[in-house]
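> Questions regarding the structure given below will be posed in turn.
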Amino acid sequence: MVLMDSLASNKEVGAVCARTHPKGSGVLYWYQIFDYAIGHWFTKPAEHLLGSVLCCPGCFSVFRCRALEGVLQEYSSEVQGAADFLYKDMGEDRWLCTLLIQRGWRLDYCAISENHTYCPESFDEFYRQRRRWVPSTIANLLLVISKAWNITSTNNSVSIAFVLFQAIMAFSTAISPATVILIIASGLQGAYQISDNAVLATIIILVLLSVIYGLVCLYTSQKTQIDVAKSLTLLFAILMAVVFVGIFKEIILEVFPVDNRLVLLQPPICTNKSADCLRAQNNLGVAVNMSSPFKVFQLPTSPTTWYVAVFAVTYTAAALLHLWEFPFLFHCIWYILGLPSGYLLLLIYSAVNLDSQSWGTREAAKAAGGGGGGFKMVKKWAREGGKVVREFLLLCCGKRGTDGGKEEKVPLLQEDTESDLAEDESGGEEADGVEHKKMSSDAKKWLKRQECHEYIDKFQQHGYCSLSYIASMTRREFKAIGIDKLGFVLRLEKAAKKLPAMVIETDVPPTVTDWLTTLEMEEYTEVFHRAGYKTEEDIENLKEIDDKELKRMGIVKMAHVQRLRKALESLFHPTSVEIQIHKAKRDLSSIDPAPIDGKDREAQFWQNILSNELKPIKVRLQQASKEIGQKLKTLRNSTLALMFLINIMWIILLYTVEVPQLVKYDLPERTFHLLFLAVYGFIVLVSFAAMLIHRFLMLIQFLGRPEVFDEAVHTLQNKHSLSG
1 MVLMDSLASN
11 KEVGAVCART
21 HPKGSGVLYW
31 YQIFDYAIGH
41 WFTKPAEHLL
51 GSVLCCPGCF
61 SVFRCRALEG
71 VLQEYSSEVQ
81 GAADFLYKDM
91 GEDRWLCTLL
101 IQRGWRLDYC
111 AISENHTYCP
121 ESFDEFYRQR
131 RRWVPSTIAN
141 LLLVISKAWN
151 ITSTNNSVSI
161 AFVLFQAIMA
171 FSTAISPATV
181 ILIIASGLQG
191 AYQISDNAVL
201 ATIIILVLLS
211 VIYGLVCLYT
221 SQKTQIDVAK
231 SLTLLFAILM
241 AVVFVGIFKE
251 IILEVFPVDN
261 RLVLLQPPIC
271 TNKSADCLRA
281 QNNLGVAVNM
291 SSPFKVFQLP
301 TSPTTWYVAV
311 FAVTYTAAAL
321 LHLWEFPFLF
331 HCIWYILGLP
341 SGYLLLLIYS
351 AVNLDSQSWG
361 TREAAKAAGG
371 GGGGFKMVKK
381 WAREGGKVVR
391 EFLLLCCGKR
401 GTDGGKEEKV
411 PLLQEDTESD
421 LAEDESGGEE
431 ADGVEHKKMS
441 SDAKKWLKRQ
451 ECHEYIDKFQ
461 QHGYCSLSYI
471 ASMTRREFKA
481 IGIDKLGFVL
491 RLEKAAKKLP
501 AMVIETDVPP
511 TVTDWLTTLE
521 MEEYTEVFHR
531 AGYKTEEDIE
541 NLKEIDDKEL
551 KRMGIVKMAH
561 VQRLRKALES
571 LFHPTSVEIQ
581 IHKAKRDLSS
591 IDPAPIDGKD
601 REAQFWQNIL
611 SNELKPIKVR
621 LQQASKEIGQ
631 KLKTLRNSTL
641 ALMFLINIMW
651 IILLYTVEVP
661 QLVKYDLPER
671 TFHLLFLAVY
681 GFIVLVSFAA
691 MLIHRFLMLI
701 QFLGRPEVFD
711 EAVHTLQNKH
721 SLSG
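Going by UniProt numbering, the first residue of the sequence shown is number 1, and it counts up by one from there.
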C-alpha cells in the first residue's frame, strides 16, 4: 500500500521500488548486507532527488499499467545485435525502466516499504550473478547518457545535471580497476613510508597481475576463472588488511601526535629552498617558512585522513538516520577487504565474459565432467605437446611408433585433409552399450540406385545409416568416409542434394530423451543419462556441450557428431520460466478445444494465443546463433581494449604527472591526487545531501499515512480518557 500511495500521489510516476534486504548466511552474505545498504542509502536517494531511479526490480516494485502499455511493444522486440542482447536479455527489469524513462515517466524510490530476497552465498554464484548485472547496468546507463537530449526533452524529471552526474558515475565505474590499484599503492606509501620506486613497482606488479587474470579469463574455463579469482581475492584481502591497518596507524599519529616523535624528527633547515627540502618539511607536518598566498588553505593533516574522515562521517550519519540498519555499518570491514575483488577482479571477469549468453543464478550446475580445472589443462597441454613430438619424429624417421610390436605404415602426405577430418571427428573410444541402428532399406536402395552399393559398409561405419543423414553430406564428407573415386563422389553429392534435408527445430526440448528422439539419435539416451543430462533441469546444460565433451561421452561417429553439433548450436540457455512456458505450450497443444459455434472462434482464439505469446520462445532460440556470438565477441574485444587504455591512462595521469613548482605554494607535487579525491568526494557529498533530503521526505510521507494518523489519534484519546 505504501508503494501504491506513491503512485497515487504523482501521476507522472510510472513505477516505485522499495528497500531490499538480502537474506542468507556466511561472509558473502555479510558483504552484500553492506553493499545493498550503501546502494539504498546513497545511490537510489540520489537518483530519486536528482532525476529518476534507473532500476526498479520487477519483484520488489509496483508499476503503473498505463505506463507499461506504452513500452510493451518495444520491450518484447527481438534482439538485433550485441548491445541489444545486453540491454534486453541480461537485465530485463533495468531495460524496462530505461524504456519508461525514455517515454517520460518518473521512477521513485520509497524507503518506507521493505522486502527481502535471498542473495548468493557461494563465491561462484555471486560472481556469475554480478557478471550479468555489471554489463547490463553499464549498457543501460550508457544508453540513457547517449539519448540524453531526447530524454531531457520528453521527461520532466531528468535534467542535464542528472545525466552529467550519471556520466561521472559511469566513468568512476570504468576506472575502478585503476582506482583500486592506486588505493593499494598509495595506502602502502602513506602508511609505511615506502619509496617512490617501491610504489611504482607495486603499481606495475598489480597491473601485471590484473592483465594475467584477464588472460586467464580469456583462455580458460569458467570454473578455472572463478577458482583463480578466489585465490586472488584472498591475496588482495590480506593486502587490504595491511593497507587498512597502516592507514589507521597514520591517522592516529596525525590526529594524536607523539611528543618523542616530534623531537626526534626535526625538520631540515632549507637554505636553498629546493623542492626536495621543502617536500621533506611538509612530510613532517612543518609549515614552510615562506610567504605564500595559498598558506591559508594548508590542511593540518594529509588528504588521505580527510578523505577517510569524510567517508566515516557520511556513512555513520547514514546509519544513524536508518537507525534499525545501524548494525549493517559493522559489515563495512568485509566490504573493505573485498574491495579489490568487487571493483577489480569482478569487472575484469565481467568484461572478458561479455560474449557469454548464459544466465548467472538461473543456471543449474553443469553436468559432471564439464569444465575442467588446471590439472586437466596441464594434461591437455602435455598430450598436445607429445602429439607434436610424435609427428616431428614421424617426419624425420619415416615411420610411426610401435604398438604391441606391430609397425604401421606411414601414409603419404596428401593435398586434401579428408582423412584428418575423419580422424578428428570419429577418433576416440565409442561409448559402451550403444546399439546403433542398421542402415535403413531406403538408404540401401538409394545407394544401389547410385551404383555405390560397395560403399554401404563405409556409410554404416561412420553413422550415415539413413537418408536424413546422407542428405546433409558434402563432397568433403564423402571423401572423408573413404570414397576415393572422384566420379562416385560427384555423383553422390549431386544425388544427396535432391534428398529432403532434416530440419532441426530450434525449440526448447521438453526432455533430453525427447530431444534425442527428434534428432533420430535415441540410441544415445543412456549415454546422455550417464553423463549427467537426464532431468528437465539439465536441459539448460546442453548448450555447454562441445566436441571434446561428445568425444568423452563416446559419441565419435562422424554423422552423429555433426548432427549433434548443429542441434547444439541452435539451442539457447532456457530459463526456468521458459521451461515452464514450454510445458504450458505442450499441454495446450495436446488439448482439442471444443468450438463454441461453427466458426470455431474459441479454437482460433487459442491459436492466436499460441502464435503471439508462446512462439517468441522459438524466435529467441533462433537469435542465439553464431552471429550473435560473434558480435558479442567483437564487443568484448573492443570493450577490453578501451577499458585497458582508460585505466592505464588514469594511472599515468594520477601517478606520473608531477608539478614540482607547486611545492612552494604548500601544495603536493601530484595535484591530480587531490583532483581524484575531489571527484569521488563530490559524488559522496552529493549522494549524502540527497540522502538527507530523501529521509526528510520519507518522514513526511510516513507521518501523512492515514493509519499512522488514526493510530496517533487513538492513542491520544486513550490517554485523555484515562486522565479524565
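Virtual Cβ for every residue (Gly too), placed ideally from N, Cα, C.
#1: Whose CA, out of SER61, TYR36, HIS116, lies closest to the CA of CYS97?
#2: Taking all protein chains shown into account, decide if VAL679 is buried (16 or more other Cβ within 10 angstroms of its Cβ) or exposed.
#3: Is GLN80 buried or exposed, if buried means 16 or more other CB atoms sit within 10 Å of its CB?
#4: Looking at the strands, I want to know which residues DSSP matches up with THR173.
#5: What does a CB cutoff of less than 6 Å around ARG261 pick up in its chain, not counting 5 residues either side in sequence?
#6: Suppose you measure from the CA of SER76 to the CA of THR517; what does that come to, to the nearest Å?
#7: Exposed or buried, what is GLU78 when buried is set at 16 or more other beta-carbons lying within 10 Å of its beta-carbon?
#8: Are the beta-carbon atoms belonging to ILE181 and ILE651 less than 9 Å from one another?
#9: Between the segment 165 to 177 and the segment 133 to 142, are three or more C-beta pairs nearer than 8 Å?
#10: On the DSSP letters alone, give me the boundaries of the alpha helix (DSSP H) that THR233 sits inside.
#11: What whole-angstrom Cβ distance do THR20 and TYR31 have, given they're in contact under 8 Å?
#12: By the 10 Å Cβ neighbour count, where 16 or more other Cβ atoms means buried, how is CYS396 classified, buried or exposed?
#13: Suppose the cutoff is 7 Å on Cβ atoms and the five residues either side in sequence are ignored; what does the same chain contact list for GLU114 look like?
#14: By a C-beta neighbour count over all protein chains shown, 10 Å radius and 16 as the cutoff for buried, is VAL512 buried or exposed?
#15: Using only the alpha-carbon positions, how far apart do TYR213 and LEU339 sit?
#16: Name the two residues that bound the continuous alpha helix (DSSP H) containing SER61.
#17: Is LYS437 closer than 9 Å to SER466 when the C-beta atoms are compared?
#18: Which word fits GLN193, buried or exposed, when buried means at least 16 other C-beta atoms lie within 10 angstroms of its C-beta?
#19: Closer than 6 Å by C-beta to TRP95: which residues in its own chain qualify, once you throw out the five before and the five after it? Chain order, please.
#20: Could you name the residues that DSSP lists as bridge partners for CYS17?
#21: I'd like the list of long-range same chain contacts for LEU54, defined as Cβ closer than 8 Å, with 5 residues on each side in sequence excluded.
#22: Comparing C-alpha positions only, which one of TRP105, ALA82, PHE85 sits nearest to CYS65?
#23: How long is the line joining the alpha carbons of PHE644 and ASN637, rounded to whole angstroms?
#24: Quick check on the burial criterion: 16 or more other C-beta atoms within 10 angstroms. Buried or exposed for LYS406?
#25: For SER350, which option in THR117, ARG705, TYR655, ASP124 has the closest C-alpha, if you only look at C-alpha atoms?
#26: First and last residue of the alpha helix (DSSP H) that includes LYS566?
#27: If contact is defined by three or more beta carbon pairs under 8 Å, each pair taking one atom from either stretch, is the segment 468 to 475 in contact with the segment 492 to 503?
#28: Do you know how far the Cα of GLY246 is from the Cα of SER195?
Straight from the coordinates:
#1: Here residue 97 refers to the residue found at position 97 of the sequence shown. If we check each option's Cα against that of CYS97, SER61 comes out closest.
#2: On the sequence shown, position 679 is the one that residue 679 refers to. VAL679 should be labelled exposed.
#3: Your numbering for residue 80 matches position 80 in the sequence shown. Exposed, by the Cβ-count rule.
#4: In the sequence shown, counting from the first residue as 1, residue 173 sits at position 173. Its beta-bridge partners do not exist; DSSP assigns none.
#5: Mapped onto the sequence shown, residue 261 falls at position 261. With a pLDDT of 45 at ARG261, under the threshold of 50, the modelled position of this residue cannot be trusted; read the value that follows with caution. Around ARG261: no qualifying Cβ.
#6: Within the sequence shown, numbered from 1, the residue matching residue 76 stands at position 76. Within the sequence shown, numbered from 1, the residue matching residue 517 stands at position 517. So the two alpha carbons sit approximately 32 Å from each other.
#7: Along the sequence shown, read from residue 1 onward, the residue named residue 78 stands at position 78. By the neighbour-count rule (16 or more Cβ atoms within 10 Å), GLU78 is not buried but exposed.
#8: Mapped onto the sequence shown, residue 181 falls at position 181. Mapped onto the sequence shown, residue 651 falls at position 651. A contact, by the Cβ cut-off of 9 Å.
#9: yes
#10: Walking along the sequence shown from the start, residue 233 turns up at place 233. Residues 222 to 255.
#11: Residue mapping note: residue 20 aligns to position 20 of the sequence shown, counting from 1. Residue mapping note: residue 31 aligns to position 31 of the sequence shown, counting from 1. Wrong, their Cβ atoms sit about 15 Å apart, outside the cutoff.
#12: Counting from 1 along the sequence shown, the entry for residue 396 is found at position 396. Note on CYS396: pLDDT 49, under 50, position unreliable in the model; no value is reported.
#13: Against the sequence shown, residue 114 aligns to sequence position 114. Only ALA18, ARG19, HIS21 meet the Cβ criterion.
#14: As a first step, residue 512 is located in the sequence shown; it is residue number 512 there, counting from the start. So VAL512 ends up on the buried side.
#15: The residue labelled residue 213 in the question sits at position 213 within the sequence shown. The residue labelled residue 339 in the question sits at position 339 within the sequence shown. Computed Cα separation, rounded: 16 Å.
#16: In the sequence shown, the residue the question calls residue 61 occupies position 61. That residue, SER61, is in no alpha helix (DSSP H); its beta strand (DSSP E) goes 61 to 63.
#17: By 1-based counting over the sequence shown, the position of residue 466 is 466. By 1-based counting over the sequence shown, the position of residue 437 is 437. Yes, they are a contact pair.
#18: Here residue 193 refers to the residue found at position 193 when the sequence shown is read from its first residue. Looking at its Cβ environment, which holds fewer than 16 other Cβ atoms inside 10 Å, GLN193 is exposed.
#19: What you label residue 95 is simply residue 95 of the sequence shown in a count that begins at 1. For TRP95, where only same-chain residues beyond five positions count, the Cβ hits under 6 Å are TYR87, LYS88.
#20: In the sequence shown, counting from the first residue as 1, residue 17 sits at position 17. BP columns for CYS17 point to SER61, TYR109.
#21: What you label residue 54 is simply residue 54 of the sequence shown in a count that begins at 1. The answer, listed in chain order, is GLU47, ARG94, CYS97, THR98, ILE101, LEU107, ASN140, LEU141, VAL144, GLN166.
#22: Within the sequence shown, numbered from 1, the residue matching residue 65 stands at position 65. Selected option, being the one with the closest Cα: TRP105.
#23: In the sequence shown, the residue the question calls residue 644 occupies position 644. In the sequence shown, the residue the question calls residue 637 occupies position 637. Rounded to the nearest angstrom, the two C-alpha atoms are 11 Å apart.
#24: Locating residue 406 in the sequence shown gives position 406, counting from the first residue. Reliability of the predicted coordinates at LYS406 is poor, the pLDDT of 39 falling under 50, and the value obtained from them is presented with this limitation in mind. LYS406 comes out exposed.
#25: In the sequence shown, counting from the first residue as 1, residue 350 sits at position 350. When each option's Cα is compared against that of SER350, the closest is ASP124.
#26: As a first step, residue 566 is located in the sequence shown; it is residue number 566 there, counting from the start. LYS566 -> alpha helix (DSSP H) spans 558 to 569.
#27: yes
#28: Here residue 195 is taken as the residue at index 195 of the sequence shown, counted from 1. Here residue 246 is taken as the residue at index 246 of the sequence shown, counted from 1. So the two alpha carbons sit approximately 15 Å from each other.
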